[in-house]
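In the working numbering, the protein residues as written are 1 to 304.
Here it is as structure tokens:
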């Protein structure tokens, strides 16, 4: 076990020392922030104010505008947490691809350590780095929101965010390790990482909310774990500010707004509960884990 932990430490240090890898792992998050600041943030704020104006009756316009900004900030934070959970793990798993391309894996295999422990060390490294980076992002974001006069999330909400983040990171790490077993070169993995970083914002309904997408596209996105992970995170991040912002608004209007913003996800007008979304994510992770085991077993047979 100590040998595997040493390998985990080594993988983490290799990644953190590669400044370009750290930067590109956060590039998708920076793109989301840029789009929200320049374009999408105002659109989302206007959507909130539009609902309040239409259904809220007599309102305090200044307070509504401030609440809309705070809602958009927390909605964006939820998306960023899921983006980081995926893109950071992709970059850390890339350490394995780099080790393979530079023939370092042969040295590891010659050591008195089982191959599954070596594989697990890469997954654990991705989980550790991914979770730490996400928690740092959460801390900075909460500090920024509070500095602007926003309300800080409660301890229970932050604990839930940490739990969902850990779940997402573990599942994405296993899925990405499975994908890495089909890739043989660093350039191919770099191309795959670029595609993932580009698409994650669309698949998670972060660049465009669910209500702005065609129904057929939305139905496709519901088959991906990223959307459900983002939905769980949004539900926690936005719960308090939603209640505060939409006071006096009919429940049906709030329900439709949450659906349009991807806070809740429906399939044929049936709501996916939080437990069902967790099961969907777990099913993806378990399926990827089984495939990894089968591929490792096949590789052992072929090496004999």
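Backbone N, C-alpha and C define an ideal beta-carbon position, used for all residues, glycine too. These figures come from a predicted structure and were not determined experimentally.
Taking one C-beta from the region 1–17 and one from the region 115–127 each time, how about it: are there three or more such pairs within less than 8 Å? Yes, the region 1–17 touches the region 115–127.
Under 6 Å Cβ to Cβ from residue 25, same chain only, skipping five residues before and after it: list those, please. As a first step, residue 25 is located in the chain shown; it is residue number 25 there, counting from the start. So the qualifying residues of the chain are 87, 88 and 91.
I'd like the span of the alpha helix (DSSP H) that includes residue 130, first residue to last. Residue mapping note: residue 130 aligns to position 130 of the chain shown, counting from 1. Under the DSSP assignment, residue 130 falls in the alpha helix (DSSP H) whose first and last residues are 115–147.
Going by the DSSP bridge assignment, what does residue 319 pair with across the sheet? With the chain covering only 1 through 304, there is no way to say anything about residue 319.
Of all the options 131, 202, 184 and 205, which has the alpha carbon lying nearest to the alpha carbon of residue 169? Locating residue 169 in the chain shown gives position 169, where the first residue counts as 1. Taking only the C-alpha atoms, the option nearest residue 169 is 131.
Inside the region 4–69 only - beta strand (DSSP E) runs reaching at least 3 residues: Within the region 4–69, not a single complete beta strand (DSSP E) segment reaches 3 residues in length.
Where the alpha helix (DSSP H) through residue 229 begins and ends: Here residue 229 corresponds to residue number 229 of the chain shown, with the count starting at 1. For residue 229, the uninterrupted alpha helix (DSSP H) segment begins and ends at 225–245.
DSSP three-state assignment for residue 185, whether helix, strand or coil: To locate residue 185, count along the chain shown from 1; it is residue 185. Coil, per DSSP.
Can you find at least 3 beta carbon pairs, one from the region 278–297 and one from the region 252–267, that sit closer than 8 Å? Counting C-beta pairs closer than 8 Å gives fewer than three between the region 278–297 and the region 252–267, which falls short of the contact rule.
Answer with buried or exposed for residue 13, where buried requires no fewer than 16 other C-beta atoms within 10 angstroms of its C-beta. Locating residue 13 in the chain shown gives position 13, counting from the first residue. Burial check for residue 13: the Cβ neighbour count within 10 Å stays below 16, so the residue is exposed.
If I measure Cβ to Cβ from residue 16 and keep anything under 8 Å in the same chain, skipping five residues before and after, which residues do I get? For this step, residue 16 is matched to residue 16 along the chain shown. Counting only Cβ-Cβ distances below 8 Å, and skipping sequence neighbours, we find 22 and 129.
Segment contact, 8 Å Cβ cut-off, at least three pairs: the region 47–59 with the region 240–254: Yes: the two stretches touch, three or more of their Cβ pairs being nearer than 8 Å.
Inter-residue CB distance, residue 32 and residue 201 (contact presumed, cutoff 8 Å): In the chain shown, counting from the first residue as 1, residue 32 sits at position 32. In the chain shown, counting from the first residue as 1, residue 201 sits at position 201. Sure, about 6 Å apart at Cβ, within 8 Å.
With a 10 Å radius around its C-beta and 16 neighbouring C-beta atoms as the bar for buried, classify residue 272 as buried or exposed. The sequence position of residue 272 within the chain shown is 272, counting from 1. Per the 10 Å Cβ criterion, buried.
Host alpha helix (DSSP H) of residue 261 (start-end): Reading the chain shown from its first residue, position 261 is the one you call residue 261. Secondary structure note for residue 261: it is in no alpha helix (DSSP H), with a DSSP letter that is neither H nor E.
Three CB pairs or more closer than 8 Å across the region 62–80 and the region 141–149: The region 62–80 is in contact with the region 141–149.
Three-state secondary structure assigned by DSSP to residue 150: On the chain shown, residue 150 is found 150 positions in, with the first residue counted as 1. Three-state result, residue 150: coil.
Only counting the same chain, and skipping five residues up and downstream in sequence, which positions put a Cβ closer than 6 Å to that of residue 251? Sequence index remark: in the chain shown, residue 251 carries index 251 (1-based). Cβ neighbours of residue 251 beyond the five flanking positions: none.
Other residues of its chain near residue 82: CB distance less than 7 Å, five sequence neighbours each side excluded: Numbered from 1 along the chain shown, position 82 holds the residue referred to as residue 82. Excluding residues up to 5 positions away in sequence, 168, 204, 226, 229, 230 and 233 lie with their Cβ nearer than 7 Å to the Cβ of residue 82 in the same chain.
Go ahead and label residue 144 buried or exposed: buried means 16 or more other beta carbons lie within 10 angstroms of its beta carbon, across all protein chains shown. As a position in the chain shown, residue 144 is number 144, starting the count at 1. Flag for residue 144 reads exposed.
According to the neighbour-count rule (16 or more other Cβ atoms, all chains shown, within 10 Å of its Cβ), is residue 235 buried or exposed? Counting from 1 along the chain shown, the entry for residue 235 is found at position 235. When all chains shown are included, residue 235 counts as buried.
DSSP on residue 73, reduced to helix/strand/coil? Here residue 73 refers to the residue found at position 73 of the chain shown. In this structure, residue 73 counts as helix in the three-state DSSP scheme.
Buried or exposed for residue 209, please, with buried defined as at least 16 other CB atoms from any protein chain shown within 10 angstroms of its CB. On the chain shown, position 209 is the one that residue 209 refers to. Buried, because 16 or more other Cβ atoms sit within 10 Å of the Cβ of residue 209.
Integer-rounded CB distance, given that residue 291 should sit under 8 Å from residue 189: As a working note, residue 189 is residue 189 in the chain shown. As a working note, residue 291 is residue 291 in the chain shown. At roughly 18 Å, the Cβ-Cβ gap does not stay under 8 Å, so residue 189 and residue 291 are not in contact.
Span separating the alpha-carbon of residue 174 from that of residue 118: For the purposes of this step, residue 174 is taken as residue 174 along the chain shown, with counting starting at 1. For the purposes of this step, residue 118 is taken as residue 118 along the chain shown, with counting starting at 1. Rounded to the nearest angstrom, the two C-alpha atoms are 14 Å apart.
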